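A short write-up of the structure that comes next.
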Amino acid sequence: MIDVLYFAWVRERIGLPRERIETSAATVADLINQLRAREERYAAAFADLSALRVALDQQLSSFDAPLAGVREVAFFPPMTGG
Amino acid sequence: MIDVLYFAWVRERIGLPRERIETSAATVADLINQLRAREERYAAAFADLSALRVALDQQLSSFDAPLAGVREVAFFPPMTGG
Amino acid sequence: MKVSVQSAAFDLGAEVAAFTARIAGAGAVVTFTGIVRPDGELTAMEIEHYPGMTESAIAGIVAEAVARWSLVDALVIHRHGRLLPGEAIMMVATAALHRSDAFLAAEFLMDYLKSRAPFWKKEIAARGDAWVVAKDADDDALKRW
Amino acid sequence: MKVSVQSAAFDLGAEVAAFTARIAGAGAVVTFTGIVRPDGELTAMEIEHYPGMTESAIAGIVAEAVARWSLVDALVIHRHGRLLPGEAIMMVATAALHRSDAFLAAEFLMDYLKSRAPFWKKEIAARGDAWVVAKDADDDALKRW
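Going down the list, the sequences are from chains A, B, C and D.
The first sequence begins at 3 in the working numbering and counts up one residue at a time.
The second sequence begins at 3 in the working numbering and counts up one residue at a time.
The third sequence begins at 873 in the working numbering and counts up one residue at a time.
The fourth sequence begins at 873 in the working numbering and counts up one residue at a time.
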């Protein structure tokens, strides 16, 4: 089980801010493929990975990073703070 | 007659902040030569022109600038504001 | 060092005064304040963030700035939630021995907060709401450092 | 725009708050504050200036910054007379639409105030007084602009 969080338009497109997901995905990319296969709203949110960023346990990471030991995955668009 | 002002160590070396001077000097350099000839303290203050700056009527200027029409000449070291 | 992520407004004058009062030894203080620009039809700016990661990401950015420019102190306040045009979104303050270090550290903090701290801005307007899109220039700005 | 050359101390927090309150339309405010660094035996800093020229020189520098970076507003306060270690010598504030303009204008103001506004600093210390010597780097800094 892994906590998956969504922010900004990713959250709006998927329709929820977080969920717990049963997964055996080895990498972030594998998890994304699993999510895409679920429902159209996930496929839409993850259609263009260049528009997305990912954090693993609150650290910016990359789509090919392994998920072993990770408890929290977050997907969001490029940040616009400041 | 022209008002001549001195600031910082130039003022200290010459021993006064300002004076009115009768001069027919054509340029700042001519005025400096006239002052140097007056007394040792002037000669000392104007010994090294690279350590001095001049303003004519409160505008930074140069030693070869003409004095025609100028009412106020100021001599001082490079500025250290901020 | 002080990092605050908050929904409440902050008192810029009081923060600057308090920061400057506690930086004994510094010769230079630089502050930056970001304000919601009253832009045509904009009625509000909604700022979403990632609680937990926001604080740790900012703390990491601040620690790097402090080490790199030998800062005497640094401060970051960043708001989230709904802000009105003219309200201050965030501020940074840096205190250093010399002015170039204080300036560089403040610019570094801003460049990194802009694209490495998990905030997302949404413009609320009569014509419809729109997420602010990150600019390539924001990422390019990091290359300077 | 506001330029003040004064012997009295200024209230940094109040100045920043007042400046920010009157810059409707700006998205970015940068401030710089210069402080007398408590440096070993220093007991005071005496700042001499050229009344009349000081104000006009600063006004000219501010006008150039406002034009060049399309500033919404700018502020310069510079003290003269006797200052104690830890006291604020001067401050600048710039308000612009975007942060890079506010930063650049503030750095420009500082570089020019340092070597083109007629102030001279003298360090007062137990070991003897000494005029601060301008650095070649101060003049070199102007070449950036």
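Built from N, CA and C at the ideal position, the CB exists for glycine as well.
As the structure is a prediction and not an experimental result, all values here were calculated from the model.
**Report entry** Extent of the continuous alpha helix (DSSP H) to which phenylalanine 975 of chain C belongs
**Finding:** 971-988
Query raised in the report: Which chain F residues are close to alanine 896 of chain D, counting only those with a beta carbon under 8 Å from its beta carbon?
Result: No chain F is present in this structure, whose protein chains are A, B, C and D.
**Report entry** Residue range of the unbroken alpha helix (DSSP H) whose run includes arginine 940 of chain C
**Finding:** 925-940
**Report entry** Reduced DSSP secondary structure (H/G/I, E/B, other) of isoleucine 16 of chain A
**Finding:** helix
Query raised in the report: When we look at the beta-carbon of methionine 81 of chain B and count the other beta-carbons within 10 Å, is it buried (16 or more) or exposed?
Result: buried
Query raised in the report: Between the segment 7-34 of chain B and chain D, which residues of the former have CB atoms less than 9 Å from a CB of the latter, in chain order?
Result: Leu7, Phe9, Ala10, Trp11, Arg13, Glu14
Query - DSSP-derived helix/strand/coil call for isoleucine 34 of chain A - result: helix
**Report entry** Residues bridged to glutamine 60 of chain B [DSSP beta-bridge criterion]
**Finding:** Paired residue(s): none; glutamine 60 of chain B is not in a bridge.
Query - Touching by the beta-carbon criterion (3+ pairs, under 8 Å), the segment 979-998 of chain C and the segment 916-927 of chain C - result: yes
Report task. Step through the CB atoms of chain C and report whether any lies within less than 7 Å of the CB of methionine 81 of chain A. Result -> yes
Query raised in the report: First and last residue of the beta strand (DSSP E) that includes arginine 954 of chain D?
Result: 953-955
Query raised in the report: So, is the C-beta of glycine 71 of chain B closer than 7 Å to a C-beta in chain D?
Result: no
Query - Stretch-stretch touch, CB-based, cutoff 8 Å, three pairs: the segment 948-963 of chain D with the segment 893-913 of chain D - result: yes
Requested in this report: Determine the closest residue to alanine 28 of chain A out of A/Phe78, A/Glu21, A/Gln36, with distance taken between C-alpha atoms.
Outcome: A/Gln36
Query raised in the report: Are the Cβ atoms of alanine 1002 of chain D and glutamate 913 of chain D separated by less than 7 Å?
Result: no
Report task. Pull up the DSSP beta-bridge partners for arginine 909 of chain C, would you. Result -> Partner(s): none; arginine 909 of chain C has no beta bridge.
Requested in this report: Report the partner residues of arginine 55 of chain B according to the DSSP bridge assignment.
Outcome: B/Phe78
Requested in this report: Would you tell me roughly how many angstroms separate the C-alpha atoms of arginine 971 of chain C and glutamate 42 of chain A, rounded to the nearest one?
Outcome: 54 Å
Query - Endpoints, the beta strand (DSSP E) within which glutamate 995 of chain C is located - result: 991-997
Query raised in the report: Can you name, in chain order, every residue of its own chain whose Cβ lies under 8 Å from the Cβ of valine 1004 of chain C, other than the five neighbours on each side?
Result: Trp992, Lys993, Lys994, Glu995
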